[in-house]
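First residue of the sequence shown? That's 3 in the numbering used here, and the numbers climb one at a time after it.
All residues carry an ideal CB built from backbone N, CA and C; glycine is no exception.
On a predicted model such as this, the values are computed, not experimentally measured, just so you know.
Report on one structure; see the data block that follows.
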Amino acid sequence: MIELMSKIVEEPFFAELRTRQQLGYIVSSGLRAIEETRCLAFIAQSSVATADTLATEIVKFLDSIQEKCLDPLTEGDIAVYSKALMERKTEPDKTLAIEVTRNWAEIASGRLQFDRLQREAAALLDIRKADLVEFWSKLYYSDKRRMLVSEIIPHAGPASSMQPLKSTGYAIGVDDGSKGIRLGVNDIEKFRNDRKVWSKT
Numbered sequence: 003m004i005e006l007m008s009k010i011v012e013e014p015f016f017a018e019l020r021t022r023q024q025l026g027y028i029v030s031s032g033l034r035a036i037e038e039t040r041c042l043a044f045i046a047q048s049s050v051a052t053a054d055t056l057a058t059e060i061v062k063f064l065d066s067i068q069e070k071c072l073d074p075l076t077e078g079d080i081a082v083y084s085k086a087l088m089e090r091k092t093e094p095d096k097t098l099a100i101e102v103t104r105n106w107a108e109i110a111s112g113r114l115q116f117d118r119l120q121r122e123a124a125a126l127l128d129i130r131k132a133d134l135v136e137f138w139s140k141l142y143y144s145d146k147r148r149m150l151v152s153e154i155i156p157h158a159g160p161a162s163s164m165q166p167l168k169s170t171g172y173a174i175g176v177d178d179g180s181k182g183i184r185l186g187v188n189d190i191e192k193f194r195n196d197r198k199v200w201s202k203t
């Protein structure tokens, strides 16, 4: 379902930040996978908008996914997205090297699921709109949501902004009245020191 969500939001995300707002010259979204964990990644790079502005607009887009991307979908739309994913997954390997690499990844990881693509394609047949809406609700709106925001801030130019203050600690979801929002770690040194303390206890 997270792959299906990735396909559904990919074009609207680009249209909103790149085409309509023209915030960044690089705007993309997609799926990232580490071992068995998959996540949605949203990237925006700009020479005119600050990192804080980009982060704020990405969160605004995420907040609107239910209303703008999921609610208008019909069961037929879901079937079209599912069919496109199924075709990609069931397409035969074009070269022996691709087949070997895919199978070796299963051996190296110890998972040994050599029919993974076929099983994922079969699972797509059972997904309905209600399943997708429920999945997004659990993924994004529940109190177990996990979001990582990474910002690279230039020192000069229209996209520059003030460096995060030192020795002020960090807070999750704190709105201190400044322009935009602050998410997560604003003091890297304090965060690293706290991590050392946590790992010893």
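*Would you grab the beta carbon distance between W138 and I45 for me? Rounded to a whole angstrom, and I think it's under 8 Å.*
Incorrect: roughly 20 Å between the Cβ atoms, too far for contact.
*Is there a Cβ from chain B that is less than 8 Å from the Cβ of R130?*
Given the protein chain composition of this structure (a single chain), no chain B is represented.
_Meets three-Cβ-pair contact criterion under 8 Å: the region 73–80 and the region 35–52_ = no
*G78 by DSSP, collapsed to three states: which one?*
helix
_Taking the beta carbon of S49 as the centre, do at least 16 other beta carbons fall within 10 Å, making it buried, or is it exposed?_
exposed
*For the beta strand (DSSP E) holding Q47, just list the boundary residues, first then last.*
Per DSSP, Q47 belongs to the beta strand (DSSP E) from 39–47.
*How long is the line joining the alpha carbons of A86 and G32, rounded to whole angstroms?*
15 Å
*Label T97 either buried or exposed according to how many other C-beta atoms from any shown protein chain fall within 10 Å of its C-beta, with 16 as the threshold for buried.*
exposed
*Would you report the Cα separation of T58 and V102, rounded to the nearest angstrom?*
42 Å
_Continuous beta strand (DSSP E) stretch holding S31: start and end_ = 28–36
*Using the beta-carbon count (16 or more within 10 Å), is I80 buried or exposed?*
buried
*Can you check the region 49–115 for any alpha helix (DSSP H) of at least 4 residues that lies completely inside it and give the ranges in chain order?*
Fully enclosed alpha helix (DSSP H) runs of 4 or longer: 53–67, 77–92, 98–111.
*With DSSP run on the structure shown, which of helix, strand or coil describes K192?*
In the three-state reduction of the DSSP assignment, K192 falls in the helix class.
_Suppose contacts are defined by Cβ-Cβ distances below 8 Å. Is G116 in contact with E108 by that definition?_
The amino acid occupying residue 116 in the given sequence is Phe; Gly does not appear at that position. Taking 8 Å as the Cβ cut-off, F116 and E108 qualify as a contacting pair.
_Within 10 Å of its beta-carbon, does T55 have 16 or more other beta-carbons around it, so buried, or fewer, so exposed?_
T55 is buried by the Cβ-count criterion.
*Could you pull the start and end residues of the alpha helix (DSSP H) that M7 belongs to?*
4–16
*Assign V82 to buried or exposed, taking buried as 16 or more other Cβ atoms, counted over all protein chains shown, within 10 Å of its Cβ.*
exposed
*Tell me whether K131 sits in a helix, a strand or coil according to DSSP, three-state version.*
helix
*Closest by C-alpha distance to T120, when choosing among F63, E18, D95, R130*: Checking the displayed sequence, the identity of residue 120 turns out to be Gln instead of Thr. Considering only alpha carbons, the answer is D95.
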